[in-house]
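Chains as they are written, first to last, in my numbering: chain A, 1 to 325; chain B, 1001 to 1304; chain C, 2001 to 2241.
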């Protein structure tokens, strides 16, 4: 029974983390029309930043196996904050050459940055231990709670609370932002860049703000992932897991709708986790190596199916949001 | 260094072959085909199916020609691989892109669909062939030692010849034939092409076939030059787009130069840093071009 | 004024059309006889270009009828209409910029199965300026020459009728003169009937056999070019004088 419960808590925590990624993508795509297909890069930057900021520099025997550029041994919240800041910085850097150009340049640049980031973490062993990645990433208040009698396998519930709290905070902040004059300009840019330009809005600045804001949230999501999984390797932050799944979540839930972004994340994560289990049951053992790719195929087909049959997603864009005043 | 330049030209020729198809598609269907790299992979795997399974089952086992590591069976396999990949591209257009086009969605939605198509293609490849890498032939890979420290494999000469024969063939088609000119006209000005009686949908179908077939050829050549694996095409996507942007989107001549430049720079960069950074080098070149001259070195047919 | 013609070539009867939900033409009726130059003038936003686009099938007619050469063409798409002998020269983007002049003309002949060389030579004779630049990409030419390429492209199918959408728009005054001369030449030498929309109403009427004044999606006044030029009210309202 507790096994199922802790599993559920872990499942929900991951879904919540993905909901944060999906909300962030909604800022980019749903509200501003920025085509970011390098989410994995911001995800990775956030995760690694927070891991490096919160862990101590390896010492003793461990130092022979683990290399990292720095280890600041800071608290969890500092790590999360740093993750957001660094991820936002990366976005700012790639926004510069691309946001003035046609929209698909940003897409290509984001693929580029995410692949580059993965390559760097994979190859530069001095930075964050190369392909082996970092393990034993600190969890907030874990020792403190266990000392006070919490069974270790209940920790996921506590972490779930943190994730949901942050998710709700981000949701509320975005809902406010998107209904403000600032949010209306973003949506006007999404519809047609020329119109806001003619009324004197600096389209580039607004797009940059949106890109950086979304990336900051993605970085926070990455940090939450790192502290949840406690171990990160470059191979986690692939275009599939880090980018594509988030896109399917947002498109399924309904881009331009923050509730949809969250709903989509929970549904797709349920399909993703559930199908792993189902496929293991159905697929013969000799094909078990192929099993993960059946899942990938399903998710890919799901996205095509939504695009063709219900492009507005399950919830669609909220009416009162899209009204331009 | 001379050796790196030579291997860069070979890699660049493969990139060019993929990039001209990509830029042609860009001009005609007006979105970035993010499945282009995976079309390369698909072509490479269909050729693998031919050389490793279908032809041997028919009693045709490849015997290497002269110093090459492969023979006629490999060369003949280009045709079905290019044909099937071309048809797969047309199928993707009919099933997905055309339906979206008819609904007049923004081109960027088609790019998202292309991303989904890319993942579907790759997952099918993973499911059918697994994650391991393969070689087309077990034949010995001879190496020639040339002056200036250049080493060249006879296989690479074939890669070069095939790539350029196809690129030249495509250019001749675009420049000399009525259909080729109509394709360029359509990329230039779709509305005027329509009022001139050019059948847009037929041209789009043709472009997908050409793009798919050339991508397949590029994939096979890449497989001959290194090895066949499921991620091979995805990793080429960045150099392909970088070559297209460098040359100016929609500009077929630009893609040619862009592909060569990228191949050489990527290879030469390995003298200074780990070869695994090659895609990052492509990315940095692309960013530099975007900063300095966003319309590409040769200007695009539809810049910004 | 149908001295060089023989009867109706184009008949537009009570045509209503528009874009999406928005009705632009509220019932336009006009005709063009063989051999005529007919101008459609009127204020901005009157729907002049929409008339031409509706005739050519680029904008679907909601009601009414378009008859060309005795046959209804109302519901036909442009690629069918062009086969029946009407060519259209859009106001902007009316050339293939990266294609050479010669290739532009070839694309004009895209639907021809027979030898188009003789017609191409006739066009080069009519527009010697572009004949010297056959291998130049059309996008590199001056505005006037581009317009010649656009006319030339449209004439490659040896159409009975040309639809010109503001042929003088955006050109320098001297070039405007040249373009109107060219329009007259096409009409006289090649015997092509012309329906054109023009902002430059006075110049257009001077070379036209007849004209229509279009206001608010309806044709209000019809008359010979001379009559309309002499009409004081029209002069005050649309001819700037």
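Here a beta-carbon is modelled for each residue, glycine too, at the ideal position from N, C-alpha and C.
Please read these numbers as outputs of a predicted model, since none were measured by experiment.
task = Please list the segments of the alpha helix (DSSP H) lying wholly inside the region 2021 to 2063 of chain C, counting only runs of 4 or more residues, in order along the chain.
result = 2048 to 2055
key: Rounded Cβ spacing between residue 2056(C) and residue 2078(C) (contact assumed at less than 8 Å)   = Here residue 2056(C) refers to the residue found at position 56 when the third chain is read from its first residue. Here residue 2078(C) refers to the residue found at position 78 when the third chain is read from its first residue. Yes, they are in contact, since the Cβ atoms of residue 2056(C) and residue 2078(C) sit about 5 Å apart, within 8 Å.
message = Against residue 1184(B), what residues of chain C qualify as contacts under a CB-to-CB distance less than 7 Å, listed in chain order?
response = Here residue 1184(B) corresponds to residue number 184 of the second chain, with the count starting at 1. Simply 2098 and 2099.
Spatial distance of residue 283(A) from residue 291(A) (CA atoms) = Sequence index remark: in the first chain, residue 283(A) carries index 283 (1-based). Sequence index remark: in the first chain, residue 291(A) carries index 291 (1-based). Going by the C-alpha atoms only, they are around 7 Å apart.
task = Please name the residues in the region 92 to 112 of chain A whose beta-carbon is closer than 8 Å to at least one beta-carbon of chain B, in chain order.
result = Against chain B - using a Cβ distance shorter than 8 Å - the residues of the region 92 to 112 of chain A are 94, 96, 97, 98, 100, 101, 102, 103, 104, 105, 107, 108, 109, 111 and 112.
At least three beta-carbon pairs within less than 8 Å, the region 1153 to 1166 of chain B to the region 1217 to 1228 of chain B = yes
request  = Whole angstroms is fine: what's the gap from residue 314(A)'s alpha carbon to residue 1111(B)'s?
outcome  = The residue you call residue 314(A) lines up with position 314 of the first chain. The residue you call residue 1111(B) lines up with position 111 of the second chain. Taking the straight line joining both Cα atoms gives about 21 Å.
message = Runs of 4 residues minimum, wholly inside the region 21 to 108 of chain A: which ones carry the alpha helix (DSSP H) assignment?
response = 39 to 54, 62 to 65 and 76 to 98
message = Strictly under 9 Å for the Cβ-Cβ distance: is residue 62(A) near chain B by that measure?
response = Stepping through the first chain from its first residue, residue 62(A) is reached at position 62. Closer than 9 Å: no.
query = Quick one: which chain B residues come within Cβ less than 8 Å of residue 2106(C)?
reply = In the third chain, residue 2106(C) corresponds to position 106, counting from 1. Within 8 Å Cβ-Cβ: 1178 and 1181.
ask   = Given that residue 1226(B) touches chain A, what residues does it touch there, using C-beta distances under 9 Å?
value = On the second chain, residue 1226(B) is found 226 positions in, with the first residue counted as 1. Correct list: empty, because the minimum Cβ distance to chain A is about 17 Å.
query = Buried or exposed: residue 2044(C), going by 16 or more other Cβ atoms within 10 Å of its Cβ?
reply = By one-based count along the third chain, residue 2044(C) stands at place 44. When all chains shown are included, residue 2044(C) counts as exposed.
task = Answer yes or no: does any C-beta atom of chain B fall closer than 9 Å to that of residue 2059(C)?
result = Position 59 of the third chain, counted from the first residue, corresponds to residue 2059(C). No, because no Cβ of chain B sits closer than 9 Å to the Cβ of residue 2059(C).
task = Can you give me, in chain order, the residues of the region 1237 to 1259 of chain B that have a beta carbon less than 9 Å from any beta carbon in chain C?
result = 1250 and 1251
inquiry  = Pull the bridge partners of residue 2068(C) from the DSSP assignment, please.
reply    = Locating residue 2068(C) in the third chain gives position 68, where the first residue counts as 1. In DSSP, residue 2068(C) forms a bridge with 2010(C) and 2071(C).
ask   = So, using beta-carbon positions, are residue 1035(B) and residue 1115(B) closer together than 9 Å?
value = For the purposes of this step, residue 1035(B) is taken as the residue at position 35 of the second chain. For the purposes of this step, residue 1115(B) is taken as the residue at position 115 of the second chain. Yes, these two residues count as a Cβ contact at 9 Å.
query = Helix, strand or coil for residue 2194(C) per DSSP?
reply = As a working note, residue 2194(C) is residue 194 in the third chain. Note: residue 2194(C) maps to strand in three-state DSSP.
query = Do we get a CB-CB distance below 9 Å when we pair residue 1197(B) with the residues of chain C?
reply = Sequence index remark: in the second chain, residue 1197(B) carries index 197 (1-based). Closer than 9 Å: yes.
message = Just to confirm my understanding: we take residue 75(A), look at its own chain, exclude 5 residues before and 5 after, and list those with CB closer than 8 Å. What are they?
response = Here residue 75(A) corresponds to residue number 75 of the first chain, with the count starting at 1. Cβ within range, chain order: 54 and 140.
key: Pairwise C-alpha distance: residue 1109(B) and residue 2134(C)   = Taking the first residue of the third chain as position 1, residue 2134(C) is located at position 134. Taking the first residue of the second chain as position 1, residue 1109(B) is located at position 109. Computed Cα separation, rounded: 40 Å.
ask   = Interface residues of chain B around residue 2082(C) at Cβ under 8 Å?
value = In the third chain, counting from the first residue as 1, residue 2082(C) sits at position 82. Correct list: 1195, 1196 and 1197.
query = Can you find at least 3 beta carbon pairs, one from the region 132 to 149 of chain A and one from the region 158 to 174 of chain A, that sit closer than 8 Å?
reply = yes
task = Using alpha carbons as the reference points, say which of 130(A), 201(A) and 273(A) lies closest to residue 65(A).
result = Mapped onto the first chain, residue 65(A) falls at position 65. Nearest of 130(A), 201(A) and 273(A) to residue 65(A), Cα basis: 130(A).
inquiry  = I want to see whether chain C comes within less than 9 Å of residue 1030(B), judged by CB atoms only; does it?
reply    = Mapped onto the second chain, residue 1030(B) falls at position 30. No, because no Cβ of chain C sits closer than 9 Å to the Cβ of residue 1030(B).
request  = Out of 187(A), 164(A), 62(A) and 153(A), state which residue places its alpha-carbon closest to the alpha-carbon of residue 12(A).
outcome  = Numbered from its first residue, the first chain carries residue 12(A) at position 12. Checking every option, the nearest Cα to that of residue 12(A) belongs to 164(A).
key: alpha helix (DSSP H) segment containing residue 1286(B), residue limits   = Along the second chain, one-based indexing puts residue 1286(B) at 286. Per DSSP, residue 1286(B) is one residue of the alpha helix (DSSP H) stretching across 1278 to 1292.
task = Take residue 2164(C) and list the residues in its own chain whose beta-carbon comes closer than 6 Å to its own, dropping the five residues that flank it on each side.
result = Taking the first residue of the third chain as 1, we reach residue 2164(C) at position 164. Non-local beta-carbon contacts of residue 2164(C) in its own chain, meaning distances under 6 Å to residues more than five positions away in sequence, involve 2089 and 2196 in chain order.
request  = Identify whether residue 2019(C) lies in helix, strand or coil by the three-state DSSP scheme.
outcome  = If you number the third chain from 1, residue 2019(C) lands on position 19. Note: residue 2019(C) maps to strand in three-state DSSP.
Simplified DSSP assignment, three categories, for residue 2215(C) = Sequence index remark: in the third chain, residue 2215(C) carries index 215 (1-based). Strand, per DSSP.
request  = Identify every residue that forms a DSSP beta bridge with residue 2088(C).
outcome  = For the purposes of this step, residue 2088(C) is taken as residue 88 along the third chain, with counting starting at 1. 2163(C).
query = If contact means a Cβ-Cβ distance below 8 Å, which residues of the region 114 to 129 of chain A contact chain B?
reply = 115, 116, 119, 120, 122 and 123
request  = Specify the secondary structure class of residue 221(A) as computed by DSSP and reduced to three states.
outcome  = By one-based count along the first chain, residue 221(A) stands at place 221. Helix at residue 221(A).
request  = Please go through the same chain and pick out, in chain order, the residues whose beta-carbon is closer than 7 Å to the beta-carbon of residue 1063(B), but skip the five residues on each side of it.
outcome  = Residue mapping note: residue 1063(B) aligns to position 63 of the second chain, counting from 1. Taken in chain order, the residues that qualify are 1071.
ask   = What residue range is occupied by the uninterrupted alpha helix (DSSP H) comprising residue 2114(C)?
value = Residue 2114(C) sits at position 114 when you count from the first residue of the third chain. Residue 2114(C) -> no alpha helix (DSSP H), and no H or E assigned at all.
ask   = Looking at residue 1038(B) and residue 1234(B), is the spacing between their C-beta atoms short of 9 Å?
value = Walking along the second chain from the start, residue 1234(B) turns up at place 234. Walking along the second chain from the start, residue 1038(B) turns up at place 38. Taking 9 Å as the Cβ cut-off, residue 1234(B) and residue 1038(B) qualify as a contacting pair.
key: Chain-ordered neighbours of residue 37(A) on chain B, where CB pairs are closer than 7 Å   = Numbered from 1 along the first chain, position 37 holds the residue referred to as residue 37(A). Within 7 Å Cβ-Cβ: 1115.
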